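Reading through the structure tokens given below for one structure.
Protein chains in written order, with the working numbering: chain S, 483 to 725; chain C, 483 to 725.
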């Protein structure tokens, strides 16, 4: 794990790093090193480790909860090289959708393909980050919506260190079997008028989660219209389960 | 409005009252009289103004938010006389359900009948209670689930003083048109495995609400299994909209 920058502002330390092929960002509270809860953030499609939505949530989790937060770039995103295979599939999918194919199953299949890389990558990121004195081996949470949900479901299912997860804006089609293996508390976000994820598919994914404690939060609006108060809810949810 | 008892414990004043034919309970914080937000609680079927669930929520709203809370007995409940008409309908409904009829439409029809009395009654309760110096004419919220949702939808639709509502464990069948007239923020509670309210009917009621801001909170479990953390959510919701 190689750090490329190390800065601090408003009591929040930000370190950019590269772990093997994976560029990532780590945020921690300034002050004495001690073990603390760690949230891994999975960014959305087209976003990256320092996209505005990621940065806002990361800084709030550090400042308001005292947690550590890590965000890796997904392959083909941020500082990672273009993935010709992914671009080829995306182009082919666009053509199939224009020819009348349902977008949701194509997207789910694509997420499953990318997750075969991100699940082991994110586990390696947890290994590396939890060895740092200012993070330590505290409880882990995961938060990802949209692409971050498609990649998060197999990650949370596979990784026993994750003790609570916020997921959403995703559908069930490829991941129902993995969702059933998730048993930790989940807060699941659904946009009632989501133009990308059919409502029935999102409800089916919530239904498929194996967790005894899971809460669906549905709000009116399209895929990108998540209300700001749901960020407050995410902080409270992680505070309740990891704090 | 005639008060029959006036007691105080743990900083919370409780007054039982009778307004015309309506017995009710009023809770307010001890201390100087001033206008404050007021929550009207609609109790569940078979419950009454001082049922444990009503009392717990009322005392928390007073102690943690500084609000006033009023809970009237629904006709045929608590200290009110038996309603032979309601009992006759309930008996007939049970027979029809045993003979194979769907329970949900029968329940919805019954709630609509009772609401023709409770809507004007609850408006009169607001009039009377808001004239008291220790309540005053602050913003009003409504909270009711199950029977309290069936009666609450027409009440919130009719009463412009209500500025935010927590509803749930109810279905759309009789009240979709009234739900569409509700425009205030709503938090809507749904039990995913509700044995009394079909999931599709509950989702349809959420869908029918005319509010620009409305959030569905769905949790696993049966009609009576609402998780305790949803009470925290109710307090935060009213704090955000009325506080």
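Cβ atoms here follow ideal geometry from the backbone N, Cα and C, with glycine treated the same way.
Given the structure is predicted, the values throughout are model-derived calculations rather than measurements.
_Along the chain, where does the beta strand (DSSP E) containing residue 649 of chain S start, and where does it finish?_
644-650
Answer with yes or no whether the minimum CB distance from residue 702 of chain S to chain C is below 8 Å.
yes
Compare the C-alpha of residue 601 of chain S against each of S/639, S/704 and S/645 and name the closest.
S/639
query = Which runs of the beta strand (DSSP E) fall wholly inside the region 503-551 of chain S and span at least 3 residues, in chain order?
reply = 504-511 and 520-524
What is the rounded straight-line gap between the Cα of residue 582 of chain S and the Cα of residue 510 of chain S? 47 Å
Next on the checklist: Measuring only the C-alpha atoms, how far is residue 603 of chain C from residue 692 of chain S?
Outcome noted: 45 Å
Neighbour list for residue 716 of chain S in chain C, Cβ cutoff strictly below 8 Å: Here the premise fails: no neighbours, minimum Cβ distance about 13 Å.
Q. So, does the CB of residue 694 of chain S fall closer than 8 Å to a CB anywhere in chain C?
A. yes
In whole angstroms, give me the CA-to-CA distance for residue 506 of chain S and residue 553 of chain S. 5 Å
Practice problem: Following the continuous alpha helix (DSSP H) through residue 716 of chain S, name the residue where it begins and the one where it ends. | Solution: 711-724
Practice item. Please report how far the alpha carbon of residue 659 of chain C lies from the alpha carbon of residue 627 of chain C, in whole angstroms. Key: 18 Å
Exercise for review: Along the beta strand (DSSP E) that carries residue 623 of chain S, what are the first and last residues, could you check?
Suggested key: 622-627
Worksheet item: Whose C-beta lies closer than 7 Å to the C-beta of residue 700 of chain S among residues of the same chain, with five residues either side of it excluded?
Response: 672 and 674
So residue 599 of chain S is in the alpha helix (DSSP H); what residue range does that whole segment cover?
Note, residue 599 of chain S: alpha helix (DSSP H), 585-612.
Which residues bound the alpha helix (DSSP H) around residue 571 of chain C? 566-580
**Asked** From this set, S/621, S/619, S/617 and S/650, which residue's C-alpha is nearest residue 633 of chain S's C-alpha?
**Response** S/650
| query | If the cut is a Cβ gap below 9 Å, which residues of chain C does residue 698 of chain S touch? | reply | 672, 674, 698, 699, 700 and 701
Beta-ladder partner(s) of residue 491 of chain S, from DSSP = S/494
So, for residue 565 of chain C: in the same chain, excluding its five sequence neighbours on each side, which residues have a beta-carbon less than 8 Å away from its beta-carbon?
557 and 558
* Asked: Below 8 Å, can you find three or more Cβ-Cβ pairs linking the region 543-551 of chain S to the region 518-530 of chain S?
  -> Between the region 543-551 of chain S and the region 518-530 of chain S there are three or more inter-stretch CB-CB distances shorter than 8 Å, so the stretches are counted as touching.
Next on the checklist: Looking only at its chain, what residues have a beta carbon closer than 6 Å to the beta carbon of residue 497 of chain C, apart from the 5 residues adjacent to it on each side?
Outcome noted: The answer, listed in chain order, is 485, 488 and 508.
(request) Using three-state DSSP, classify residue 633 of chain S as helix, strand or coil. (result) helix
### Query
On the premise that residue 648 of chain C lies in contact with residue 538 of chain C, defined as a C-beta separation below 8 Å, what is that separation, rounded to the nearest angstrom?
With a Cβ gap of about 14 Å, residue 538 of chain C and residue 648 of chain C do not count as contacting.
| field | Delimiting residues of the beta strand (DSSP E) encompassing residue 700 of chain C | value | 696-701
Nonlocal neighbours in the same chain, by C-beta distance under 7 Å from residue 620 of chain C, ignoring five residues either side | 517, 518, 519 and 520
So, under 8 Å CB-CB, residue 609 of chain C and residue 515 of chain C are touching, yes? Tell me the CB distance rounded to an integer number of Å. The Cβ separation is near 18 Å, so there is no contact.
What are the residues that DSSP puts in a beta bridge with residue 553 of chain C? C/507
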